[in-house]
Each structure stands twice: as structure tokens, then as C-alpha cells.
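Taking the numbering used here, the leading residue of the sequence shown gets 166, the next gets one more, and so forth.
Backbone N, C-alpha and C fix where the C-beta goes; we use that ideal spot for every residue, glycine too.
The structure presented is a predicted model; accordingly, all values stated were derived computationally and were not measured.
Read through the structure below, which is laid out as C-alpha cells, and then see the notes.
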Amino acid sequence: MSLPPAAHPRPVTDIYFGTKIVDPYRYMENLQDPEVQAWIKAQNDYTRSVLAKIPGREKLLARIREVDQSVPQVEATRLPGDLYLVRKQLPGEDVAKLYVRHGLNGDDKLLVDPAKITLAPSNQGKGKTEISRYAISDDAKYLAVGVIPGGSETNGEIHVIEIATGRETGDVITRGVGAEEWYPYWLPDNRSFVYGRLQQLPPGAPAAEVRQKFRAYLHVLGTDFEKDPAVFGHGVVPAIDVDPSLIASVQTAPRSRYALGLLNGSVTPNSAFYIASVDSIGKSISMWRKVADFSDGVTKIAMHDDDLYLLTYKDAPRYKIVRIDARKPALSSAEVIVPPGEGVLTNISSAQDALYVELLDGGVTRVLRVPYGPSPRVERVALPFEGTASAITDPRVSGALLYVTSWIKAGKILAYDPQTKVVSDTRLQPSGAYDNPDNVESVEVKVPSHDGTLVPLSIIYPKEMKLDGSHPTLLSGYGGYGVLMNPNFDPMTLAWYERGGVRAICHVRGGGEYGEEWHLAGKGPTKPNTWRDFIACADYLISKGYTSQSRLAGQGGSAGGILIGRAITDRPDLFGAAIINVGLLDTLRYETTANGETNLPELGSIKTEQGFKALYAMSSFHHVKDQTAYPAVLLTTGINDPLVDPWEPAKMTARLQAATSSGKPVLLRVDYGGGHGGGSGRDGYRQRLADSWSFLLWQFSVPEFQPPKP
Numbered sequence: 166m167s168l169p170p171a172a173h174p175r176p177v178t179d180i181y182f183g184t185k186i187v188d189p190y191r192y193m194e195n196l197q198d199p200e201v202q203a204w205i206k207a208q209n210d211y212t213r214s215v216l217a218k219i220p221g222r223e224k225l226l227a228r229i230r231e232v233d234q235s236v237p238q239v240e241a242t243r244l245p246g247d248l249y250l251v252r253k254q255l256p257g258e259d260v261a262k263l264y265v266r267h268g269l270n271g272d273d274k275l276l277v278d279p280a281k282i283t284l285a286p287s288n289q290g291k292g293k294t295e296i297s298r299y300a301i302s303d304d305a306k307y308l309a310v311g312v313i314p315g316g317s318e319t320n321g322e323i324h325v326i327e328i329a330t331g332r333e334t335g336d337v338i339t340r341g342v343g344a345e346e347w348y349p350y351w352l353p354d355n356r357s358f359v360y361g362r363l364q365q366l367p368p369g370a371p372a373a374e375v376r377q378k379f380r381a382y383l384h385v386l387g388t389d390f391e392k393d394p395a396v397f398g399h400g401v402v403p404a405i406d407v408d409p410s411l412i413a414s415v416q417t418a419p420r421s422r423y424a425l426g427l428l429n430g431s432v433t434p435n436s437a438f439y440i441a442s443v444d445s446i447g448k449s450i451s452m453w454r455k456v457a458d459f460s461d462g463v464t465k466i467a468m469h470d471d472d473l474y475l476l477t478y479k480d481a482p483r484y485k486i487v488r489i490d491a492r493k494p495a496l497s498s499a500e501v502i503v504p505p506g507e508g509v510l511t512n513i514s515s516a517q518d519a520l521y522v523e524l525l526d527g528g529v530t531r532v533l534r535v536p537y538g539p540s541p542r543v544e545r546v547a548l549p550f551e552g553t554a555s556a557i558t559d560p561r562v563s564g565a566l567l568y569v570t571s572w573i574k575a576g577k578i579l580a581y582d583p584q585t586k587v588v589s590d591t592r593l594q595p596s597g598a599y600d601n602p603d604n605v606e607s608v609e610v611k612v613p614s615h616d617g618t619l620v621p622l623s624i625i626y627p628k629e630m631k632l633d634g635s636h637p638t639l640l641s642g643y644g645g646y647g648v649l650m651n652p653n654f655d656p657m658t659l660a661w662y663e664r665g666g667v668r669a670i671c672h673v674r675g676g677g678e679y680g681e682e683w684h685l686a687g688k689g690p691t692k693p694n695t696w697r698d699f700i701a702c703a704d705y706l707i708s709k710g711y712t713s714q715s716r717l718a719g720q721g722g723s724a725g726g727i728l729i730g731r732a733i734t735d736r737p738d739l740f741g742a743a744i745i746n747v748g749l750l751d752t753l754r755y756e757t758t759a760n761g762e763t764n765l766p767e768l769g770s771i772k773t774e775q776g777f778k779a780l781y782a783m784s785s786f787h788h789v790k791d792q793t794a795y796p797a798v799l800l801t802t803g804i805n806d807p808l809v810d811p812w813e814p815a816k817m818t819a820r821l822q823a824a825t826s827s828g829k830p831v832l833l834r835v836d837y838g839g840g841h842g843g844g845s846g847r848d849g850y851r852q853r854l855a856d857s858w859s860f861l862l863w864q865f866s867v868p869e870f871q872p873p874k875p
């Protein structure tokens, strides 16, 4: 096999607290450099040519497409008047569209086709446009919808649609992002909404300034968004000192008299919360009163009448729910509504009849109903099978829609009726031929890590598989920000199982599987626990006969790049291959990027000695050693990625190619129409899967995927 184009090292030396660090590829951080652009393109061209020659890839891609296109993919929200907002992607479509439906048996009326949205000139031609967030006015006349062009979240736009006609009103807001903090929330007048957007920076401003000085704004239909008044955030309320790195947002709830102001570190689970009369928004900035500070550990607030329900981990690492009076919001007088227990309380949402709560219990999500009023009796909603469940509610509608799925059962959208206590299938999500595969099963185990901590490991595999160590195995993980890796069925994985493949998910520390303590045990200085947990799970899979070293791959993306990068640099002998998607790999330099400052609470800062030591320990790029037999590695990036700059995987590719002595390939795959996982459409995702799995099966010596010998 020919070799990819080599990168020429140009060492730069930094000294951090007396420690000398050499960076041979610092120049690659300038993505505007024609030489860097040419090298990245040449790497991608080489990678595409190699992957295209793998026998079996086209057949695998055809099967992935076949199972994925068997049924539409649907998300739904229920509104008053038996109205449903339905986000749906039909077989053969590349992106989802948004519809409105009257009644469960009604016809879907198209509201938003993102391909027909007229983008701002600066966003045109960047790739496929996808719907992110949306909100409907209380009178159901207008829809505010966020769209993301080419997967670039920092270039998001908000458009307003008139529901009766499906036409755009002409209200277009740019410089938005796809995160929940920027979600539009309507005010009771049905003519205005609050939202967030990025500041306008002068040309040449440092990248680290892009996501600074967040503000929430009020937009009135028919007005110029550049003149929208700021209502909350950095420098808006004199009495509230807002750090420039904090994200500010405002949330309202239908028919509530209150608005919530949130300050969040973007990557931290907890926020500081403020409250104001919704009527004061845009009229007075002095009405904000503090409800909770960061030290109170509050992650979410649900509103009902004059009650605020707070989900908090203060003095309760697995969370509790407390209630306070919105008129006099004092946590000192909070009433505990749901006390902490063995399970982890992960989410709350308010319906007309009750509060609905999601509880993670041993890898299974339970849904609880907590009636409003004094001393409520907590009820468990009976679900048809165990797995992941999420409650979708509206404060104006009783009951909840429930989305349920598992590792081996396709998702369904159910409806819970609190009067009859019956859960029924709405059939909003049509059934498909691959919903309940009878040739696949799953098991949950706990694996002792390096320090004796038991780490949950989910394993999904073909039925009646022999534990003889021969099976291609893909071990995935993430381990950051308290993020959960809940069971979820993807029919495309059947193409992997059909080839004898095993999937395993290691729920490493840094996630939220056991609450905030589990998160803190894999964060900053404790980050090494994440890859050591992962290594323990890899050893377990080998020792139990699921696979062998030569047929085991690690996979992770984004911050999960830390996990996989450090696993293969710590134990290169343990893995036959690795997949790192849009991975964070040089953590010493991440602080200089547009998304770096917002990640300081999770990762740490190079400006402190403790922060430097933690960041150096987790920086995969700086732990690559020359003349080491590294596994085969496929790295991917999206050229429009605003969260992890493409130079991160580019630098890691260059370093691994120069250092490895194994002779195994190190490839860089670039999506020139994508961003941080989005922007290339559904078929772009299918092709990335086919490339990744073909790469692994080739490296695992599966006969169907071996190129002919010259």
C-alpha cells in the first residue's frame, strides 16, 4: 500500500510551569495556510481512495441504507387542541422536515423543509441545512425554527413561519447556535420571543472571543433583529455580574407568569437561575431575582403556577427534587418532593396534571409521575419494556408522550393517560421490519477498574455466539460533562451484527450514570479514570472470549477523542484499531479555540499549574511516542466544525503517521460539507459508518473485506 503525504515537522517549544513541551505541528493550527489546506486535502484524497478499494464496502453500505430506509424517523411534540408538531425524515430523504398534524389520525402538513429555507448570504453553499430547535407560539399561529447550515452551529439562524400558510414572515436572525441555550421561547403576546445569539466581532478577532459575552435578546415580529434589546446576560443587568465565558439564556413556559434567566458554563450541569415576571421582559431589567447560585447544584427548573420545582445534586449526588414559591424564591425554605435514592434523577418536565420525572436505575430509565400539591404520592408509569425512556410534556396538556427504546428494540412514541393510567402506542412512529431483531441480544455487566471501582459495560452481540475470541468488536465510550450513554436502537447496527460483530459501550467515569459523583470522578485532575475504565472494559471483553486484541477497536467522538486517544497511547498493544470522530486530541491548545473558554470548567486551564498538569495528562497528541506499534487509526473531521477545530485531528494524524512502527494505516477522513457530526445529511452519515466499519473489518482480517494481494 502506498503511503499518505508526510507532514513536515516545525517544532515550537512552550514552557508551562517549568515543563518544556515540544509541538512539531503547531503550524497546522492555521487552517487558512494554503500549505495546511493542501496537506489536509491530500490526506482526505488518500483516505477516500484507500477506503473505496476495500472489498465489501459497497455491499455493506447497501445493507446500511436498506435497513435505515425501512421506516421514517419521527420525533413529536403534543400541543393543546390535539395538535402535534412532527419532525420526520422519510426513507430516501437526507434531512428531516417539520410537519403539523391535527389529531393522531390526521394528515401531516409540511411546515418547514430546511432545503427551501432562504439562508443569509454568508451561510449559503456551506452544505446541507438541518433543523435544530423550534418553538410554536401559544396561539399556534407562528413557529420559530432554528436551522444549521453545513453543520456549523455558530452560524445557525432562526426563521419564523406562519403556520396557516407555511410562509416565512421575513424575520431572520443570524449568529445563532444549535445548542439548547439559544432555543427561542415565545412570550404571551404571541408576537415576540426571547432567544440568544453570538456577539458581532470585528474582522481578525481572536477565535476564543467568538463564544464570549453571551446575551439573551427580545425579538418582536417585523423588526430588525440587530436592534433587538438585550434582556439578560453579560453587561445587561447592573446588579448581576456575569463572567464573559458564561452562556446567558431566558426561558418561558406557556401560560406561566414567570420567566427564568439562566447562566451556565455550557459544559457544566448546574446553572445559576434568576426569575422575573414575564410581563417585565423588555420593559425592565431590574426585575430579575436570584433563585439559585452555582453552588446550589441546580440543573433544571420546571414551573407550575407559583411553584418552582428544582432538580439539584446539592447534598444529593444522585439528585433530589425540591419545591419553592416563585413569589418568594428562597432555597432555605425548599420542600423536598422527591428525595435522593439509589437511582439517579436525570430530568423533570411539567404537564398540566403533574410533574414527570426520569429516573436512571441500573441502566434502565423509569418514568415517575409526581402530582402537584402538598405531599404528593409518587407514581411509576408502567412501560412496555425496559431501556431508555424520556417524557415529552406541555404545561397546557395532561399526561405525556413517552419515547422508549433499548439496545435491541426500536423506538416507539407512546402516550400516557393519567386518568386511566394506560400507556398506548400513538403510532406516530411507524413500525418497521427491523424493529425487534430476533438474532441479537444484550447483557449488562460491571467490570472492576484499576482502582476496584465497578464500571458498567453494555454488550450487544449476535445470539448463540461462541465466546472464542474471534469476533470483530467495537468498544465505544465518552466520559465527559456528566453525559449519559443510554440504550438506543439503531437499525444500521444490524449490518455490523450480521457480520459477526459485537458492540460494547463502556460507561466510564466522567459520565452521569451514577450522578454527579461519577461525573466528578472523570473530570479535570481525575480524567485518567476515564481511559483506565475503558482499558479495563477492553481487557474484560478479551478475557471473556468476546474478542481478541487483533479484533478489538475503540471508538469515541468529540470529547470522547480524549478517551480513545489516551487509551491507544497508554495501551497500544490492547487494540487492533481505533476510530476517533471529530476528536479533541491536543488539550493543551484547545483553550485558544472558539470553544475552548467554555470548556474550562470541565477540562481545566493551562493558566494554572494544576490545570496544566491535568490537560497534559489527557492530551493524546503529547503522549504519542516515536517507534511505537500503534493500532490502525481512522480519524474524521468536518471542515465546518465550530466545537473541535479540524486541526486537532489533523495534528494527531501527522504525529501518529510519523511515530507508528506497526505499519498499520493512520487515515484522516474530512467532510467538506459537515461540521461537528452534522451538515452532510443522513446518507453522509451512512457513508461514514460504511467507511468506518469497512476499515475495521479490513484491519480485522475478515475475508470479505481483504483487498486482493498484488
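Quick one: Cα of residue i to Cα of residue j, how far?
i, j, result
"D259", "E523", "32 Å"
"I205", "P868", "31 Å"
"A172", "A819", "6 Å"
"N195", "K816", "11 Å"
"R376", "E606", "44 Å"
"A743", "L799", "6 Å"
"Q714", "Q864", "12 Å"
"P814", "T801", "7 Å"
"R420", "D518", "14 Å"
"R213", "A207", "10 Å"
"V432", "L593", "33 Å"
"P394", "G321", "20 Å"
"K274", "G846", "22 Å"
"L244", "R561", "7 Å"
"K688", "Y646", "8 Å"
"D490", "M468", "10 Å"
"D278", "A261", "8 Å"
"Y360", "T388", "14 Å"
"V415", "Y350", "8 Å"
"E580", "H672", "In the sequence as displayed, the identity of residue 580 is Ala instead of Glu. The straight-line gap from Cα to Cα measures roughly 30 Å."
For residue i, tell me which candidate among the options has the shortest Cα-Cα distance.
i, options, result
"D735", "S785, I624, W683, T464", "S785"
"S211", "S167, E223, H672", "Before going on, a small fix: residue 211 reads as Tyr here, not Ser. The option with the nearest alpha carbon to Y211 is S167."
"A329", "P353, I301, G311, Y348", "I301"
"T757", "A217, V809, T712, G741", "V809"
"S826", "R834, Y850, A797", "A797"
"Y521", "G527, G528, V532", "V532"
"D272", "D247, K281, D303", "D247"
"A547", "G538, D590, V562", "D590"
"L640", "V239, S866, D704", "D704"
"K465", "L510, W453, P873, A372", "L510"
"R422", "S451, P690, L473, V463", "L473"
"I412", "K392, K448, Y581, R362", "R362"
"Q584", "G597, K778, P536", "P536"
What does DSSP give as the partner residues of residue i in its beta bridges?
i, result
"G426", "V415, Y439"
"V251", "A241, Y264"
"C702", "According to DSSP, C702 bridges with nothing at all."
"G579", "The sequence shown places Leu at residue 579, not Gly. L567, D590, per the DSSP bridge assignment."
"V532", "E523"
"R880", "The structure shown does not extend to residue 880, since the chain is modelled only from 166 to 875, so the question has no answer here."
"T477", "V463, K485"
"F397", "A381"
Grab the span of the alpha helix (DSSP H) containing residue i for me, first residue to last.
i, result
"Q720", "No alpha helix (DSSP H) holds Q720; the beta strand (DSSP E) holding it covers 717-722."
"S859", "846-864"
"E333", "No alpha helix (DSSP H) holds E333; the beta strand (DSSP E) holding it covers 332-341."
"Y211", "199-217"
For residue i, report the span of its beta strand (DSSP E) as first-last.
i, result
"M468", "463-469"
"S357", "357-362"
"A285", "Looking at the DSSP string, A285 is not in any beta strand (DSSP E), and its letter there is neither H nor E."
"Y307", "307-314"
Exercise. Counting Cβ pairs closer than 8 Å, one from the stretch 628-648 and one from the stretch 612-619, do we hit at least three?
Worked result: no
Exercise. On the three-pair Cβ rule with 8 Å, is the stretch 665-685 touching the stretch 748-758?
Worked result: Because the criterion of three Cβ pairs below 8 Å is not met, the stretch 665-685 and the stretch 748-758 do not touch.
Problem set entry | Any 3 or more C-beta pairs closer than 8 Å across the stretch 772-792 and the stretch 706-723 | no
For this session: Take every Cβ of the stretch 549-565, pair it with every Cβ of the stretch 484-501, and state whether three or more of those distances are shorter than 8 Å.
Result: no
Exercise. Using 8 Å as the threshold, is the stretch 445-461 in touch with the stretch 482-498, meaning 3 or more CB pairs across them?
Worked result: yes
Exercise. Counting Cβ pairs, one atom from each stretch, are 3 or more of them under 8 Å apart for the stretch 828-837 and the stretch 766-776?
Worked result: no
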